[in-house]
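One structure below.
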Amino acid sequence: MQIKIYDDQQAHAMATQFFGHDYHDPGVMKWGGFLLSEHTARLQETTAAGTKKPSSQAFQAGDDGW
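Throughout the sequence shown, residue numbering follows UniProt numbering, covering 1 to 66 in sequence.
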């Protein structure tokens, strides 16, 4: 097996083609959707419990508020 060596210009052109047209990463959208669903669920829990947004004084050392 031979490894083809590209110069910088050829490598850049290949990378641009690959990432611009061939590679599709659903991971970023999936991760964003996960964060949004977790945030929405937390807001619904807070609203259903009738609680208000905690003040900065409500947090103690080691307490993350969740």
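Glycine included, C-beta positions come from ideal geometry on N, C-alpha and C.
The C-alpha of Tyr23 is placed about 10 Å away from the C-alpha of Thr16. Of Gly27, Ala13, Leu43, the smallest CA-CA separation from His21 is found for Ala13. In this structure, the alpha-carbon of His39 lies about 11 Å from that of Thr46.
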